[in-house]
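In what follows, a structure is listed as structure tokens, so that the remarks can point back to it.
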Amino acid sequence: MQKKYIPFCIWIIWSLIWLCFYYPVLRYSYFYSEYTGSVYLSSVIFIVAGTCLAPLTFRAGLKIMRRISDNPFSFFIKKAGKKGQYIIHLSPYADTRTHEEISKHWSILIELISNAMTHHETVIMQSHLLTPARIKKLKNKLESHGVFTSFKVYRRKTTINEKLSVPLIYLLLHWSLPLLPSESSTVIISAK
Numbered sequence: 001m002q003k004k005y006i007p008f009c010i011w012i013i014w015s016l017i018w019l020c021f022y023y024p025v026l027r028y029s030y031f032y033s034e035y036t037g038s039v040y041l042s043s044v045i046f047i048v049a050g051t052c053l054a055p056l057t058f059r060a061g062l063k064i065m066r067r068i069s070d071n072p073f074s075f076f077i078k079k080a081g082k083k084g085q086y087i088i089h090l091s092p093y094a095d096t097r098t099h100e101e102i103s104k105h106w107s108i109l110i111e112l113i114s115n116a117m118t119h120h121e122t123v124i125m126q127s128h129l130l131t132p133a134r135i136k137k138l139k140n141k142l143e144s145h146g147v148f149t150s151f152k153v154y155r156r157k158t159t160i161n162e163k164l165s166v167p168l169i170y171l172l173l174h175w176s177l178p179l180l181p182s183e184s185s186t187v188i189i190s191a192k
């Protein structure tokens, strides 16, 4: 089966599970008309359609939130325990489906790291997306912007939490299913 059909198949399975769940519920009296003894079709359609279509609304909701908000939802930043250390989490909510969005995503990351390096702060990034090629690209982009840094890269196994949660988030928000590598990286970036 091709990869592009996997989200559709998962949606079909979701719908079938919920339809099987609602079938016994339809026998309760509040779905029946007292006069005709038949099921209120409008209430059944509302429940079934609402349940089956619920997963399809996450992506639309996220697109609306991106348009309303000034936050690009590309990264989450928090201060680490030590002074001058920042942790940058790559957000699964970032829209990276077009080349324009990917370049915007990279420019925000370069700006964040450049600002941290001018204040002599340390940046820690940990993600399954940090492949050796992307780390090299990040270093080259920083050097082209005049920011010279030292990188320490630590390879680690992708955790079971990442293996379960990241595909689910991508499936609901991007309607795609990513292939996670067995190893991911932790990168510590500091000014030279």
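Numbering (the UniProt record's numbering), first residue to last: 1 to 192. For glycine and all other residues, C-beta sits at the position ideal for the given N, C-alpha and C.
With 16 other Cβ atoms within 10 Å as the buried cut-off, status of residue i
| i | result |
| --- | --- |
| isoleucine 64 | exposed |
| serine 144 | exposed |
| tyrosine 154 | exposed |
| leucine 16 | exposed |
| alanine 80 | exposed |
| alanine 49 | exposed |
| leucine 132 | According to the sequence shown, residue 132 is proline rather than leucine. Its Cβ having fewer than 16 others within 10 Å, proline 132 is exposed. |
| leucine 19 | exposed |
| histidine 99 | exposed |
| alanine 116 | buried |
| phenylalanine 8 | exposed |
| serine 69 | exposed |
| leucine 138 | buried |
| threonine 159 | exposed |
| methionine 1 | In this prediction, methionine 1 has a pLDDT of 49, which is less than 50 and means its spatial position is unreliable; nothing more can be read from the coordinates. |
Own chain partners of residue i with C-beta closer than 7 Å, once the 5 adjacent residues on each side are dropped
| i | result |
| --- | --- |
| glutamate 101 | Asp95 |
| phenylalanine 58 | Leu172 and Leu173 |
| leucine 130 | Ser184, Ser185 and Val187 |
| valine 123 | Tyr86, Ile88, Ile113, Ala116 and Ile189 |
| isoleucine 135 | Phe151, Val153, Ser185 and Val187 |
| proline 178 | Val166, Pro167 and Tyr170 |
| isoleucine 10 | Leu171 |
| histidine 105 | Ser74, Ala94 and Thr96 |
One or two residues paired with residue i in a DSSP bridge
| i | result |
| --- | --- |
| glutamate 183 | Lys157 |
| lysine 78 | Ile87 |
| isoleucine 124 | Ile87 and Ile188 |
| phenylalanine 151 | Ile189 |
Own chain partners of residue i with C-beta closer than 8 Å, once the 5 adjacent residues on each side are dropped
| i | result |
| --- | --- |
| tryptophan 14 | Cys52 and Pro55 |
| serine 127 | His89, Leu90, Ser184 and Ser185 |
| glutamate 162 | His128, Leu180 and Ser184 |
| glycine 84 | His119, His120, Glu121 and Thr122 |
| serine 182 | Lys157 and Thr158 |
Residues near residue i by beta carbon distance below 6 Å, same chain, minus five either side
| i | result |
| --- | --- |
| histidine 120 | Ala191 |
| phenylalanine 76 | His89 and Ser91 |
| isoleucine 169 | Pro92 |
| lysine 141 | Ile110 |
| methionine 125 | Ile88 and Val187 |
Review point. Contact between the stretch 103–114 and the stretch 126–146: three or more CB pairs below 8 Å?
Key: Cβ pair count under 8 Å is three or more, so yes.
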